[in-house]
Each structure stands twice: as structure tokens, then as C-alpha cells.
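Numbering (this note's numbering), first residue to last: 8 to 353. Ideal Cβ placement from N, Cα and C applies to all residues, glycine included.
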């Protein structure tokens, strides 16, 4: 034990592909806020335990360390019972900054005979690289945009386009549909840090010599923000605009937001935000449609009196660099596939 060599590694891009198992030993709340992709959470201290140890450390550091060691030892025994990987697996362990929490589990697993490695600098070294990458490396990519008014099927278009091109779905990563009614029931948005981690990892897995297609977005996606260095350069590439009739857009929105029609109270709550934006007479018609559960009229009125007016003020609508316009007769997977494979820019 005295002469045991500690296998420390420094964080680098693509590191996650070098290990079959990555263990984050931080608390569940730390893990939830952000973590290295593919990692599993085996906390050596619970949220409550870490909080209590932190408080007692200020009063008596020796006693706090003793109590902490007791708790960590107990929790490690539980972790060992959970382990499903075997001796052949290459295992990376990390905590907040590569300190005692990760070292504790590392030493036990090393003694057992597992092939374990310790991330030098822990999560902090990973986070530092994410921030640096999004600031300096991400802007070197070329981004192209799919543009179009609300309900024209941009997300579906990107999904189909991803089968042959590099695509980042900023809304999908944010668990949000991007509009004022974009909150998805029972699906919380991630933290800003984890959102940035997901974008970083996507870019890491892409070929930087090939273009990336994205949806023309506001910088805000719900409560989250697209990294500013990326958002600023998005309009500089190719811009392809989608068009569809109000009827098609209404039908598509009804299908895409069906959880609102299944829960009128949820829709009513979401519409409260628009009371301050839509003229009173127009909003009365929208409320009447909701009361009568006439969702087709409700959505078409939202398109006319809110979405289309709001879109005219966006950066996308005022873009002058549109290289192609696609008129979708129907907003369906089949129609979109046809449009993609017949357009020279894809």
C-alpha cells in the first residue's frame, strides 16, 4: 500500500472513449448539475452528509475528517456491492477536484485488483476545458441554419437531415421547444453547465472539416442560453428557409404539442404569459377557442396573432443570406426526406 503507484490522468478531448467505465463520486446534486458524459454516479457522500461534514469542518477539522472517513468507508462498501464491471474494464474515477473523495474509492478498487485511474484536477479540470473549448474551438466550425416561421417543422427537418449531415438540435438538448409554449411537461430543463457539456460533446464527436446544421434560434432556449460564440456565427453560413401554409402549420403544432390539448388547464396556464403581449380582442378569441376546446382555431389564432408577428422581429426573418427556400406541401417525414434529397445544398 505504501509504494502503491497512483495512475493519474489529465483531462483531454475524447477522453471518455478511452474508458469503459467512468465513475463520478460526487454527491447526487453535484452530479445532476453537470458531469462528464457517460459517467455513473457512485457518491461516497450523500448531499446531506457532505453538507454536515462541511459545517463541522469549520468547527473541528480533525473530527470532521474522522467522521467523513467513517461515512465514506461505509458508502464505499455499498458501492462495491453495486459494481457490475469486471477486472478487464478500464475505470476512470473523479470527484470535484481530484481530492480525497475520488482517491478513497480509487485506493480500495486498486487494492481489489481493478484497472483504475484517477482524473487529475477532477470535474474542475473537465469544466475548465468545456468553457475553453466553447470559447476558442467551437467558433472554428462552420454552422448552417434551417430557418422558418413557428410550426413549419424545423425540428423534424433537422432530425431527418441528421441522417446524412452533422446536426445539433439545440432545443432537443435543452428539453424545450423554443417558443413561449415550449416547456415540456414532466421534462425539466438541464442546468446551463450540463447544456454546455452536451454541446461540447456533440462538437467533439463531429468532424471539424464538415459543416454543422442547426435551427435558427433565439440565443435563449427556455431558461438556457446557446453559447454566445456559437450563436454569433450561426447566421454567417448557409441559410435554408422552410415555408408551409397556416393550415399545415396548425395541424403540425397540434400534433407536436398534443400534451396541451390533452390537458386544457396546462394550456390555460401557458397562455397566461401571452395576455401581456397579444391585443385584448385577439386574446378573447383565443380564450373562447380554449373554452370550447376548439384547438384548431386556438392554434391558428396563436399563429396569426402572436407567432407570425413575433417572427418578423427575429434575426432569422431579417437575414439576407438565404441560399434556398423550400415550400413544404405537407409537414411530414416523407415530404421532408424528399425535400432534403432533392436539394443540392444537402
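Secondary structure at residue i, three-state DSSP: helix, strand or coil?
i: residue 268; result: helix
i: residue 159; result: coil
i: residue 249; result: strand
i: residue 150; result: strand
i: residue 351; result: coil
i: residue 101; result: strand
i: residue 314; result: helix
i: residue 126; result: strand
i: residue 183; result: strand
Suppose you measure from the CA of residue i to the CA of residue j; what does that come to, to the nearest Å?
i: residue 258; j: residue 93; result: 52 Å
i: residue 141; j: residue 86; result: 34 Å
i: residue 354; j: residue 218; result: Outside the displayed span of the chain (8 to 353) sits residue 354, for which this structure offers no information.
i: residue 210; j: residue 297; result: 42 Å
i: residue 65; j: residue 56; result: 15 Å
i: residue 37; j: residue 53; result: 10 Å
i: residue 247; j: residue 152; result: 6 Å
i: residue 287; j: residue 136; result: 50 Å
i: residue 240; j: residue 226; result: 12 Å
i: residue 236; j: residue 177; result: 14 Å
i: residue 308; j: residue 213; result: 41 Å
i: residue 75; j: residue 40; result: 23 Å
i: residue 104; j: residue 73; result: 20 Å
i: residue 300; j: residue 271; result: 8 Å
i: residue 165; j: residue 335; result: 14 Å
i: residue 276; j: residue 131; result: 40 Å
Buried or exposed: where does residue i fall if 16 or more other Cβ atoms within 10 Å of its Cβ makes it buried?
i: residue 109; result: buried
i: residue 11; result: exposed
i: residue 186; result: buried
i: residue 295; result: exposed
i: residue 124; result: buried
i: residue 21; result: exposed
i: residue 282; result: exposed
i: residue 243; result: exposed
i: residue 348; result: exposed
i: residue 117; result: buried
i: residue 208; result: buried
i: residue 306; result: buried
Taking a contact to mean a Cβ-Cβ separation below 8 Å, would you say residue i touches residue j in this structure?
i: residue 126; j: residue 107; result: no
i: residue 18; j: residue 133; result: yes
i: residue 163; j: residue 338; result: yes
i: residue 313; j: residue 285; result: yes
i: residue 196; j: residue 229; result: yes
i: residue 155; j: residue 261; result: no
i: residue 202; j: residue 181; result: yes
i: residue 256; j: residue 159; result: yes
i: residue 355; j: residue 343; result: Residue 355 is absent from the model: the chain starts at 8 and stops at 353.
i: residue 188; j: residue 267; result: yes
i: residue 29; j: residue 45; result: yes
Starting from the C-beta of residue i, find all residues in its chain whose C-beta is less than 7 Å away, skip the five residues before and the five after it, and write them out in chain order.
i: residue 51; result: 32, 79, 82, 83, 108, 111 and 112
i: residue 304; result: 296
i: residue 143; result: none
By Cβ distance, which residues of its chain are closer than 6 Å to residue i, with the 5 residues on each side in sequence left out?
i: residue 289; result: 312
i: residue 102; result: 32, 33, 108, 109 and 129
Using C-beta distances below 8 Å, list every residue in its chain close to residue i, excluding the 5 sequence neighbours before and after it, in chain order.
i: residue 122; result: 94, 95, 96, 97 and 98
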